[in-house]
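Engineer:
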Amino acid sequence: MKKSIISTLLIFILVIPLMINGQERKIEGQITTFDSIPVANVAIEVVSTNQIYYSDSLGIFTIQCDTKKDKIKISVEGFYKQAVKINDKIKYVFVNMKLKPGEKNRDLVVDLGYVIDKDKLFAVSSMGDAEFDYSRYSTIANAISGRFPGVRVSNNQVIIRGNESFSASNAALIVVDGIVKGSSIAGISPYNVAKIEMLKDASAAIYGSQGANGVVLIQTKRGKVSD
Numbered sequence: 062m063k064k065s066i067i068s069t070l071l072i073f074i075l076v077i078p079l080m081i082n083g084q085e086r087k088i089e090g091q092i093t094t095f096d097s098i099p100v101a102n103v104a105i106e107v108v109s110t111n112q113i114y115y116s117d118s119l120g121i122f123t124i125q126c127d128t129k130k131d132k133i134k135i136s137v138e139g140f141y142k143q144a145v146k147i148n149d150k151i152k153y154v155f156v157n158m159k160l161k162p163g164e165k166n167r168d169l170v171v172d173l174g175y176v177i178d179k180d181k182l183f184a185v186s187s188m189g190d191a192e193f194d195y196s197r198y199s200t201i202a203n204a205i206s207g208r209f210p211g212v213r214v215s216n217n218q219v220i221i222r223g224n225e226s227f228s229a230s231n232a233a234l235i236v237v238d239g240i241v242k243g244s245s246i247a248g249i250s251p252y253n254v255a256k257i258e259m260l261k262d263a264s265a266a267i268y269g270s271q272g273a274n275g276v277v278l279i280q281t282k283r284g285k286v287s288d
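Going by our numbering, the sequence shown opens with residue 62, and the numbers climb by one from there.
1. Can you say whether Y195 is buried or exposed, counting buried as having 16 or more other CB atoms within 10 angstroms of its CB?
2. Tell me whether S136 sits in a helix, a strand or coil according to DSSP, three-state version.
3. Excluding sequence positions up to five away, which residues of its chain have a Cβ less than 7 Å from the Cβ of E198?
4. Below 8 Å, is the gap between the Cβ of G243 and the nearest heavy atom of the ligand FAD?
5. Could you pull the DSSP bridge partners for Q143 from this structure?
6. Confirm, please, whether the CB-CB distance from I105 to I11 is below 9 Å.
7. So, with DSSP's three-state summary, where would you put Y198?
8. Tell whether a beta-carbon distance below 9 Å holds between I279 and I235.
9. Going by DSSP, what residue range makes up the alpha helix (DSSP H) through N166?
10. For L169 and Y175, what's the separation of their Cα atoms in angstroms?
11. Quick one: residues in its chain with C-beta nearer than 6 Å to the C-beta of I249, no 5 flanking neighbours on either side, listed in chain order?
12. Can V212 and S97 be called in contact, C-beta distance under 9 Å?
13. Look up K282 in the DSSP assignment and say whether it is helix, strand or coil.
14. Roughly how far, in whole angstroms, is the beta-carbon of I23 from the beta-carbon of I151, given that I think they are within contact range, below 8 Å?
15. When DSSP labels each residue in this structure, what does I267 get in the three-state scheme?
16. DSSP three-state call for M242: helix, strand or coil?
17. Expressed to the nearest angstrom, what Euclidean distance is found between the alpha-carbon atoms of A233 and M158?
18. What do you get for N274, buried or exposed, if any count of 16 or more other CB atoms within 10 angstroms of its CB means buried?
19. Just to confirm the assignment, what range does the beta strand (DSSP E) spanning L160 have?
20. Taking the alpha-carbon positions, what's the Q271 to T94 distance?
21. Under 8 Å by Cβ, that's how I've got Y141 and K161 pegged, so tell me the actual separation to the nearest angstrom.
22. State the Cα-Cα distance for the pair F122 and S116, rounded to the nearest angstrom.
23. Less than 9 Å separating the beta-carbons of K146 and D127?
24. CA-CA distance, K282 and G243?
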């Protein structure tokens, strides 16, 4: 009788951890700011387990989260906090942190080691869309490459993530003045552009499967609404 009870307990002890592990899966991701600058030592909290992970010097992180649905909270001094919902279809999470305004805050994130690429941060953060002159570029492709370091453009298609090749299957969705234009930026003149914004992952979810590779929002001077 005692042997039977002990055997049952041993099986129970061995099986429970396997059941728990079976409900978790590994998710990888990267934390950046201004679309391409890595942010290190960012705290990524998994809501289901309260476990906290941190991004490395390249902004890359690996977490364990619930198999079906979960949520992560991202926070680091000097940046606005973010939260991302995780479902069973997500395998990689790209989070673009928004830097809080002010030169002192910009200096702080560099001094604390969150952003290593100081020169690029200072160059990009000091120039907002209101100050960026898209008309000085001969093509919209050059304008996008100039405004967003790290974003690739080829054959009138924009690749937001680090995909190995250019094709219709990994090109970002183009939306001009709220109208979906497919994956091509052909026919868009940089002289008419007022603002360009890049959406990725959770922020692009509103566009469904069309926004799976990210979304490029282009606002023209004609479509700009005055305050």
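Cβ atoms here follow ideal geometry from the backbone N, Cα and C, with glycine treated the same way. For clarity, every value in this text was computed on a predicted model and none was experimentally measured.
Structural biologist: Here's the rundown:
1. The residue labelled residue 195 in the question sits at position 134 within the sequence shown. Its Cβ being crowded by 16 or more others within 10 Å, Y195 is buried.
2. Here residue 136 corresponds to residue number 75 of the sequence shown, with the count starting at 1. Strand, per DSSP.
3. Counting from 1 along the sequence shown, the entry for residue 198 is found at position 137. Per the sequence shown, residue 198 should be read as Tyr rather than Glu. Here the set comprises A204, G207, P251.
4. The ligand FAD is absent from the structure shown, which contains no ligands of any kind.
5. Numbered from its first residue, the sequence shown carries residue 143 at position 82. Beta-bridge pairing links Q143 to I135.
6. Given that the chain is displayed from residue 62 to residue 288, the structure contains no residue 11 and the question cannot be resolved.
7. Here residue 198 refers to the residue found at position 137 when the sequence shown is read from its first residue. Looking at Y198 - three-state DSSP - the assignment turns out to be coil, as it is neither helix nor strand.
8. As a working note, residue 279 is residue 218 in the sequence shown. As a working note, residue 235 is residue 174 in the sequence shown. Contact flag set, yes.
9. Within the sequence shown, the letter at position 105 stands for residue 166. Element bounds for N166: 164-172.
10. Residue 169 sits at position 108 when you count from the first residue of the sequence shown. Residue 175 sits at position 114 when you count from the first residue of the sequence shown. Cα to Cα, the separation comes out at about 9 Å.
11. What you label residue 249 is simply residue 188 of the sequence shown in a count that begins at 1. If we look at I249 and ignore the five residues flanking it on each side, its Cβ neighbours are I201.
12. Numbered from 1 along the sequence shown, position 151 holds the residue referred to as residue 212. Numbered from 1 along the sequence shown, position 36 holds the residue referred to as residue 97. Closer than 9 Å, so yes.
13. Looking up residue 282 in the sequence shown gives position 221. Coil, per DSSP.
14. With the chain running from 62 to 288 in the structure shown, residue 23 is simply not present.
15. Counted from its first residue, the sequence shown places residue 267 at position 206. Three-state DSSP puts I267 in a helix.
16. As a first step, residue 242 is located in the sequence shown; it is residue number 181 there, counting from the start. What sits at residue 242 in the sequence shown is Lys, not Met. Coil at K242, not helix or strand.
17. Taking the first residue of the sequence shown as position 1, residue 233 is located at position 172. Taking the first residue of the sequence shown as position 1, residue 158 is located at position 97. C-alpha separation (whole angstroms): 20 Å.
18. Locating residue 274 in the sequence shown gives position 213, where the first residue counts as 1. N274 is buried by the Cβ-count criterion.
19. The residue labelled residue 160 in the question sits at position 99 within the sequence shown. Careful: L160 lies outside any beta strand (DSSP E) and carries neither H nor E.
20. Within the sequence shown, numbered from 1, the residue matching residue 271 stands at position 210. Within the sequence shown, numbered from 1, the residue matching residue 94 stands at position 33. Going by the C-alpha atoms only, they are around 24 Å apart.
21. Here residue 141 is taken as the residue at index 80 of the sequence shown, counted from 1. Here residue 161 is taken as the residue at index 100 of the sequence shown, counted from 1. Confirmed, Cβ separation roughly 6 Å.
22. As a first step, residue 122 must be located in the sequence shown, where it is residue number 61. As a first step, residue 116 must be located in the sequence shown, where it is residue number 55. Cα-Cα distance, rounded: 5 Å.
23. Position 85 of the sequence shown, counted from the first residue, corresponds to residue 146. Position 66 of the sequence shown, counted from the first residue, corresponds to residue 127. Their beta carbons are not under 9 Å apart, which means K146 does not touch D127 by this criterion.
24. Counting from one through the sequence shown, the residue named residue 282 turns up at place 221. Counting from one through the sequence shown, the residue named residue 243 turns up at place 182. For K282 and G243, the distance between alpha carbons rounds to 20 Å.
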